[in-house]
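Contents: one structure, followed by commentary.
Protein chains: 2
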Amino acid sequence: MRITKFIAISCLLASTVAGGLLFQAGAAENDSQKRIGYGRGGRMQGGGVSERSKEPIQPIPITFDDNRAKTDLGLKLFFEPRLSKSGWISCNSCHNLATGGADNLPTSIGHKWLFGPINAPTVLNSKFNLAQFWDGRASNLKEQAKGPIANPMEMASNHELAVNVLQTIPEYVKWFKEVYGEGKITIDNVADAIAAFEETLTTPNSRFDWWLKDYDDKISESELQGYALFKEKGCIGCHNGFGVGGSDYQKLGVVKPYSKDVQTLGRYHVTKKESDKFVFKVPLLRNIELTAPYFHDASTWSLSEAVNIMAEYQLGTTLTKDETGNIVAFLKALTGDQPSVIFPILPPSSESTPKPNRN
Amino acid sequence: MRITKFIAISCLLASTVAGGLLFQAGAAENDSQKRIGYGRGGRMQGGGVSERSKEPIQPIPITFDDNRAKTDLGLKLFFEPRLSKSGWISCNSCHNLATGGADNLPTSIGHKWLFGPINAPTVLNSKFNLAQFWDGRASNLKEQAKGPIANPMEMASNHELAVNVLQTIPEYVKWFKEVYGEGKITIDNVADAIAAFEETLTTPNSRFDWWLKDYDDKISESELQGYALFKEKGCIGCHNGFGVGGSDYQKLGVVKPYSKDVQTLGRYHVTKKESDKFVFKVPLLRNIELTAPYFHDASTWSLSEAVNIMAEYQLGTTLTKDETGNIVAFLKALTGDQPSVIFPILPPSSESTPKPNRN
């Protein structure tokens, strides 16, 4: 025990000293760059303002987990199969943190093996989206989180049932009380906790982000050429910012009508405006190598082909094989630290917990 | 960096010293008690030989992770949905480490939402089973692990396809080579790695185990009475050892024919011996409060009712409400530290990886 204490104290002292040093280093730089901390990826970073901060893509900031009780509750709920009617499907079933925050299927498998109508977007970095779902029908992550729970083709429960399940599990009642100060669980708070957890699911420290912070040797010549092409050809017009996408809606088929899927109307479902037909939220390109198949209709499994399709339908250009290769190389440099989570241990149901229903 | 090194060296020194001290302490005791270490539960334990070591239930030993490369590979494979035909079902889908190593369903949901014929047993502490599956048809965990991958009602893949999927993912090729020294992945090695991981899934440090190690205040009077009844009434005859079960086959309905399910013949399927009809492997009672519903046929969700059914059909006795309550209290004291795992990050498929097939 004395030895454990010694280690604990050493570590505490060491981290205090390190914290102090880094804080001082930060203080000498621009104030806006001062926040230093651990993301779920776990690596520390600091430093000054780079000339490259003027680039149209920004490195993903390392964020603090400001409310650990809430994000821990959200983590449990994210993996909670009892939020589904069957007791078998959780948020993670379709937004699998093991595989880039998506399910790598054309469209998701839901209750009773029903297939969804559209490819599941990744949950990683989803906080950088201007709105959620391909058509942007949920204005934020909290609103989004409520959708699949009650969607008969996904988790197939309903908000009342999902809350009832949690309310009959004493540990959840305790945790919600600790976080929200109320003994009564609400679907709003369920969604709030899930969203808070999802906001921690960013992927900093991609090699490209290090390059943006002046570490020249982090990316190769081919990747750098790919980035130059990505800007030159016009991809950057839509795919920019922290998420390399997610900040805008765009018509799929700007210069050439998109013929692979003429059923899915996109943003039109929300606005009912004729001009919003085939308009979709621009997807994030962070970690794109992890989330095949691509596009809302999963029309290709190949990242090269996806790049060529974009060039053809959105930019009216044809890329050479080398150009495509370089752009793909650049896109692969956008893969960051994947969120590291301890697989949660969920509390058992009580005898009054509604039973799962597989039918 | 210097500080990190200092901490690392301190920790190394400290643990070496601690290891030495504990080893010496152990040396003074019975040799068989000498192994001390960390399980996935994370707490350390040592100590001498208790009088209670003569009890028919033994505390779960803390085990060493002797081959971390192999168990880490097994962890990834355990959560690998691409071992299934659909690319959506993993070992963890039915043996969820978040919920006691089981799925808490009457029978498991498999490919195309097919329902299995029997309740999924927990993977936790399954190394203490004399054989695997309810009918013991797999003699060990390695043999068991191959079953669900190729079962059309479960993961619905086949061994050739599952291996092909892994073989086309460069990281898996590298990891298998590191562990098994071969560039060619085999289903035997896949199963071996999964089994090695599963062997780490023990749940030491239950309150009852602490009591077995002379910590009197770890369990209540009611729990202790429950244990006395558990022995007195005869439950202990089958439910004993490390796993509180798992070391024997028994007929369900010893003193009264079991009428709730007359379809499932159990061990008879393996031996074809008439006397093995309705004979099943005695299930483990470790963490039993986490794994409702109960019995191979999931005939009850209530642990109290399960205890009463056992009394009626196996022991020919009727328990008072108090007796049942005390036995249930004792059973809940068998819940140990649940395995703590970092959710694995899986490598992306390559363009030659066979695509998932949901149909």
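Protein chains in written order, with the numbering used here: chain W, 21 to 379; chain E, 21 to 379. Positions of the beta carbon are idealized from the N, C-alpha and C atoms, including for glycine.
| Query | Result |
| --- | --- |
| Cβ neighbour criterion (16 or more within 10 Å) applied to Y192 of chain W | buried |
| Straight-line gap, A45 of chain W to Q164 of chain W (C-alpha atoms, nearest Å) | Note that A45 of chain W scores 36 on pLDDT, short of 50, meaning its location in the model is unreliable and no value can be drawn from it. |
| Local conformation of G120 of chain W per DSSP, three classes | coil |
| Cβ contact (3+ pairs, closer than 8 Å) linking the stretch 347 to 355 of chain E and the stretch 238 to 248 of chain E | yes |
| Bounding residues of the alpha helix (DSSP H) (the contiguous stretch that carries Y235 of chain W) | That residue, Y235 of chain W, is in no alpha helix (DSSP H); it is neither H nor E in DSSP. |
| Where Y278 of chain W falls, given that 16 or more other Cβ within 10 Å makes a residue buried | buried |
| Residues that DSSP places opposite Y269 of chain E in a beta bridge | E:K301 |
| Under 8 Å from the C-beta of P364 of chain W: neighbouring residues of chain E | A118 |
| Delimiting residues of the alpha helix (DSSP H) encompassing V264 of chain E | Segment: none, V264 of chain E is in no alpha helix (DSSP H) and carries neither H nor E. |
| Contact with chain E by Q187 of chain W, beta-carbon distance below 8 Å | no |
| Beta-carbon proximity check, A122 of chain E vs T142 of chain E, cutoff 8 Å | yes |
| DSSP state of Q187 of chain E mapped onto helix, strand, coil | helix |
| Proximity winner among E:G136, E:L366, E:T373, E:N260, relative to L93 of chain E (alpha-carbon distances) | E:L366 |
| Helix, strand or coil at E49 of chain W according to DSSP, with G and I counted as helix | For E49 of chain W, the pLDDT reaches just 38, beneath the cut-off of 50, and the residue's location in the model is therefore unreliable, although a value from the coordinates is still provided. Three-state result, E49 of chain W: coil. |
| Under the three-state DSSP convention, the category Q44 of chain E falls into | Any reading at Q44 of chain E must be qualified, since the residue scores a pLDDT of 35, below 50, and its modelled position is unreliable; no value is offered. |
| Sequence-distant residues of its chain with Cβ nearer than 7 Å to K271 of chain E (five each side left out) | F298, V299 |
| Beta carbon proximity, F98 of chain E to chain W, threshold 8 Å | no |
| Member of E:K105, E:K132, E:V69 whose CA lies at the smallest distance from the CA of L186 of chain E | E:K105 |
| Cβ neighbours of V290 of chain W in the same chain (closer than 6 Å, five flanking residues each side left out) | D155, R157 |
| Beta-carbon neighbours of D246 of chain E, restricted to chain W and to distances below 7 Å | According to the sequence as given, residue 246 of chain E is Gly; it is not Asp. By Cβ distance, chain W contributes nothing, its closest Cβ being about 18 Å from G246 of chain E, past 7 Å. |
| Three-state secondary structure (DSSP) of G246 of chain W | helix |
| Distance between K204 of chain W and W133 of chain E (C-alpha atoms, nearest Å) | 34 Å |
| Assigned secondary structure, M21 of chain W (DSSP; H/G/I helix, E/B strand, else coil) | In this prediction, M21 of chain W scores a pLDDT of 38, lower than 50, which makes its location untrustworthy; the coordinate-derived value is nonetheless stated afterwards. Residue state, collapsed to three classes: coil. |
| Proximity to T220 of chain W [Cα-Cα], best of W:S372, W:K74, W:D86, W:N379 | W:D86 |
| Reference I256 of chain W; option with closest CA among W:I189, W:I239, W:V327 | W:V327 |
| Per-residue DSSP class, three states only, for G286 of chain E | strand |
| CA-to-CA distance, L354 of chain E to T373 of chain W, given in whole angstroms | 22 Å |
| 7 Å Cβ cut-off: residues of chain E touching D123 of chain W | W108 |
| Own chain partners of H115 of chain W with C-beta closer than 6 Å, once the 5 adjacent residues on each side are dropped | G121, V143 |
| Partner residues on chain W for I129 of chain E, Cβ-Cβ distance less than 8 Å | S106, W108, R378 |
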